[in-house]
Amino acid sequence: MRFAAAPVDLRGGSAPVWTGQYHFGATLLPDGTTRFRVWAPRVKSLVLELPDQTLPMKAQDAGFHEVVCVAPAGTRYRYILPDGCRLPDPASRMQDGDVHDASVVYDTARYKWQHAQWKGRPWTETVLYEVHCGVAGGFNGLRARLPQLAQLGVTAIELMPVADFPGPRNWGYDGVLPYAPDRAYGLPDDLKSLVDAAHGLGLMVFLDVVYNHFGPDGNYLHNYAPEFFRDDLSTPWGSAIDFRHPQVRRFFAENALYWVREYGFDGLRLDAVHAISDRSWLPEMAAFVRGALDPQRHVHLVLENDDNAASLLQQGFAAQWNDDGHHVLHHILTGESTGYYASYRDQPAALLARVLSEGFVYQGQPDPSRGAIRGEPTIGLSPDYFVLFLQNHDQIGNRAFGERLTQLEVPDTALRAAVALQLLVPQIPLIFMGEELGSKAPFLYFTSHSKPDLARAVRDGRRKEFASFSAFTEEGSRNSIPDPNAPETWSRSNVNFDATLEAATQWRRWYSHLLDLRRDQLVPGLAGTRSLDAQVLGPLAVRAAWQLGNGKRLTLFCNLDEQGVVCAELSQLLVQDIIFQGPGLEGDDIDALRSKGCLPGHCVIALLETPSEGQHELVA
Numbered sequence: 003m004r005f006a007a008a009p010v011d012l013r014g015g016s017a018p019v020w021t022g023q024y025h026f027g028a029t030l031l032p033d034g035t036t037r038f039r040v041w042a043p044r045v046k047s048l049v050l051e052l053p054d055q056t057l058p059m060k061a062q063d064a065g066f067h068e069v070v071c072v073a074p075a076g077t078r079y080r081y082i083l084p085d086g087c088r089l090p091d092p093a094s095r096m097q098d099g100d101v102h103d104a105s106v107v108y109d110t111a112r113y114k115w116q117h118a119q120w121k122g123r124p125w126t127e128t129v130l131y132e133v134h135c136g137v138a139g140g141f142n143g144l145r146a147r148l149p150q151l152a153q154l155g156v157t158a159i160e161l162m163p164v165a166d167f168p169g170p171r172n173w174g175y176d177g178v179l180p181y182a183p184d185r186a187y188g189l190p191d192d193l194k195s196l197v198d199a200a201h202g203l204g205l206m207v208f209l210d211v212v213y214n215h216f217g218p219d220g221n222y223l224h225n226y227a228p229e230f231f232r233d234d235l236s237t238p239w240g241s242a243i244d245f246r247h248p249q250v251r252r253f254f255a256e257n258a259l260y261w262v263r264e265y266g267f268d269g270l271r272l273d274a275v276h277a278i279s280d281r282s283w284l285p286e287m288a289a290f291v292r293g294a295l296d297p298q299r300h301v302h303l304v305l306e307n308d309d310n311a312a313s314l315l316q317q318g319f320a321a322q323w324n325d326d327g328h329h330v331l332h333h334i335l336t337g338e339s340t341g342y343y344a345s346y347r348d349q350p351a352a353l354l355a356r357v358l359s360e361g362f363v364y365q366g367q368p369d370p371s372r373g374a375i376r377g378e379p380t381i382g383l384s385p386d387y388f389v390l391f392l393q394n395h396d397q398i399g400n401r402a403f404g405e406r407l408t409q410l411e412v413p414d415t416a417l418r419a420a421v422a423l424q425l426l427v428p429q430i431p432l433i434f435m436g437e438e439l440g441s442k443a444p445f446l447y448f449t450s451h452s453k454p455d456l457a458r459a460v461r462d463g464r465r466k467e468f469a470s471f472s473a474f475t476e477e478g479s480r481n482s483i484p485d486p487n488a489p490e491t492w493s494r495s496n497v498n499f500d501a502t503l504e505a506a507t508q509w510r511r512w513y514s515h516l517l518d519l520r521r522d523q524l525v526p527g528l529a530g531t532r533s534l535d536a537q538v539l540g541p542l543a544v545r546a547a548w549q550l551g552n553g554k555r556l557t558l559f560c561n562l563d564e565q566g567v568v569c570a571e572l573s574q575l576l577v578q579d580i581i582f583q584g585p586g587l588e589g590d591d592i593d594a595l596r597s598k599g600c601l602p603g604h605c606v607i608a609l610l611e612t613p614s615e616g617q618h619e620l621v622a
């Protein structure tokens, strides 16, 4: 569905359409002037402050204020409220420093793209690599690492949020100026250069965006546009955004378009959409973004949604992060069964089989750890609608000490087998930065709030979150949890990306080999893949099969237990169908494996078969 380019009435409830100009912020016009436009429905007058003058803004319909004047790119400006408060543009494209400083007029057309003809890549080719720009050395530091990632077999890098946040250190989910890249990472043109260089290497670039809340420091919207927020709903991170207002819907829909259109991003990952109060905005936004772009572009919108609302995935979205898949595998690998892992401790092999065959575990049944019904059926959804990961920023960083799987006494062979499973199933894999090197650096929750009271509240609040855990019932033990605002918390989270270290080299070879197999053997047939079945073989062992779109059949045998399990089907394996076996299972062992009919511990075997004419398919 595409929207026609028609005028928009922001006073009513009409769906947004793209008119060729953004409704918010400072926009350079063809005649050399700049239009400044802000939504401030609670004030009767607003003044634009420039370096050498102040200009009254004209109140318009639907709560907007606007003025057009000469203000070339690079001009610093603020808005002045009737009470004298001077504040940045909520749709600032660039800041002159931090979130409380002046905004800067930015020429979005100034950057000269080297790979302007890039159209992206099909979703089924996606191998995501999630990365924090600050830890990777900013936009320019990450750009220097792109050849290494492309060589590894990654096809898309996913940036944690870059929207301007307070201070130089933050995960990015405390952003308050959603259109402005944070200056701690570099200038807007540096971000464009990063995207451009990635495209030159055949890499897509995704951006994590936050449309469910604003951060606690630097958000001035309550002063002049409290309509942005609901007073009857809140989120764990603050006031809920009020998507009942068409201006609010437009602000965020245009933001999504802005990143894709002006910066060339190939996709967006929408953070915690279960905290967006009006779910109807999501498909509306997706249609708006797609309707404003060249239909030849591959643009992929991905959800994080704790509600497992599978119906959204057929309304303009490519996939959802599959937390169920992570939680099952994490429980299997670590034995942890507290918190939300309690929902995955019973019959974990059966739950893993459901993840592999159906995507979500919870599809409308009670979730024990939440005490409520969770999820919607996934019938009709192909495996590529689900992003599968063993680790990500949340699942590492939301632990008290930010431990990776390499720090949790997971046997090396078990972890390697889990990686093989993740990268050789038809679901879309996501790798968290440093995984490919076996990094043991923690990824801790870090901030850099300048207000002592806020920094103290964040520290105490984080420690209070863990008070119900047995290890932190005493105040003294809770005090050992790192202070998010301490500089050393940030420095401990920095990954050593040196791939020449022996352990890092071994891990990198493992990932590279598996990604080569995925690219050569699986990707050509992933489009149109459907699940055939999945069966439990043992306490932590499963067998799953899929019909690929090219007619081939992919079968995986996976045993994440230390002990082997009997599997009579192994005696029928044809060596020529085996595309992978490991870890620690060499080609010479296949005959022994077939004769014994036993799947070894910590082992994955992948077969790719071309069914002969008349061969019966497995029943789904």
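Note that the working numbering has the sequence shown beginning at 3, numbered continuously upward.
Heads up, the beta-carbon is just placed ideally off N, CA and C, and yes, glycines get one too.
C-beta atoms of residue i and residue j nearer than 7 Å
{"i": "A158", "j": "M206", "result": "yes"}
{"i": "Q365", "j": "T380", "result": "yes"}
{"i": "Q317", "j": "P297", "result": "no"}
{"i": "C135", "j": "L148", "result": "no"}
{"i": "F319", "j": "L303", "result": "yes"}
{"i": "V330", "j": "Y346", "result": "yes"}
{"i": "D98", "j": "A75", "result": "no"}
{"i": "F245", "j": "D280", "result": "yes"}
{"i": "S573", "j": "R555", "result": "no"}
{"i": "C560", "j": "L423", "result": "yes"}
{"i": "P168", "j": "G220", "result": "yes"}
{"i": "F445", "j": "S495", "result": "yes"}
{"i": "L558", "j": "I334", "result": "no"}
Through-space distance from residue j to residue i, alpha-carbon basis
{"i": "A459", "j": "P486", "result": "10 Å"}
{"i": "G174", "j": "G361", "result": "28 Å"}
{"i": "P124", "j": "A258", "result": "20 Å"}
{"i": "P180", "j": "T612", "result": "49 Å"}
{"i": "P484", "j": "G327", "result": "28 Å"}
{"i": "R80", "j": "A73", "result": "12 Å"}
{"i": "C605", "j": "V106", "result": "56 Å"}
{"i": "N310", "j": "N214", "result": "17 Å"}
{"i": "F231", "j": "G603", "result": "53 Å"}
{"i": "S384", "j": "S533", "result": "7 Å"}
{"i": "E378", "j": "A547", "result": "23 Å"}
{"i": "L609", "j": "R39", "result": "59 Å"}
{"i": "V19", "j": "R299", "result": "19 Å"}
{"i": "V301", "j": "S313", "result": "20 Å"}
Beta strand (DSSP E) segment containing residue i, residue limits
{"i": "L270", "result": "G269 to L272"}
{"i": "M670", "result": "The structure shown does not extend to residue 670, since the chain spans only 3 to 622, so no value can be given for it."}
{"i": "Y181", "result": "L179 to P183"}
{"i": "I592", "result": "Here I592 belongs to no beta strand (DSSP E); instead the alpha helix (DSSP H) covers I592 to K598."}
{"i": "E51", "result": "V49 to L52"}
{"i": "A608", "result": "C605 to E611"}
{"i": "N561", "result": "R555 to N561"}
{"i": "L223", "result": "No beta strand (DSSP E) contains L223, which is instead part of the alpha helix (DSSP H) from L223 to Y226."}
When the options are compared against residue i, the one with the closest alpha-carbon
{"i": "S195", "options": "V212, A146, R356 and R347", "result": "A146"}
{"i": "Q429", "options": "G530, G399 and Y513", "result": "G530"}
{"i": "K442", "options": "V412, P90 and H451", "result": "V412"}
{"i": "V178", "options": "V389, L517, L89 and L609", "result": "L89"}
{"i": "L390", "options": "F403, E338, L189 and H332", "result": "H332"}
{"i": "T21", "options": "L439, E256 and A594", "result": "E256"}
{"i": "Q565", "options": "A242, A416, L550 and Q349", "result": "A416"}
{"i": "V568", "options": "L587, Q583 and G540", "result": "G540"}
{"i": "L83", "options": "M162, T77, H224 and A501", "result": "H224"}
{"i": "L315", "options": "A374, F253 and F388", "result": "F388"}
{"i": "L576", "options": "E160, D210, T475 and I592", "result": "I592"}
{"i": "A111", "options": "V69, P32 and A104", "result": "P32"}
Counted within 10 angstroms of its Cβ, other Cβ atoms place residue i as buried (16 or more) or exposed
{"i": "I607", "result": "buried"}
{"i": "N498", "result": "exposed"}
{"i": "R13", "result": "Low confidence applies to R13: its pLDDT is 33, below 50, so where it sits in the model is not reliable enough to give any reading."}
{"i": "L620", "result": "Confidence in L620 is poor, its pLDDT being 39 and thus under 50, which makes the residue's placement unreliable; the coordinate value appears in the next sentence. Label assigned to L620: exposed."}
{"i": "G463", "result": "exposed"}
{"i": "G185", "result": "This sequence places Arg at residue 185; Gly is not what is there. So R185 ends up on the buried side."}
{"i": "G478", "result": "exposed"}
Extent of the continuous alpha helix (DSSP H) to which residue i belongs
{"i": "S94", "result": "Run containing S94: none; DSSP gives neither H nor E here."}
{"i": "S359", "result": "P350 to E360"}
{"i": "V275", "result": "It is not in any alpha helix (DSSP H) - V275 carries neither H nor E in the DSSP assignment."}
{"i": "Q153", "result": "G140 to L154"}
{"i": "R251", "result": "P248 to E264"}
{"i": "S514", "result": "E504 to L519"}
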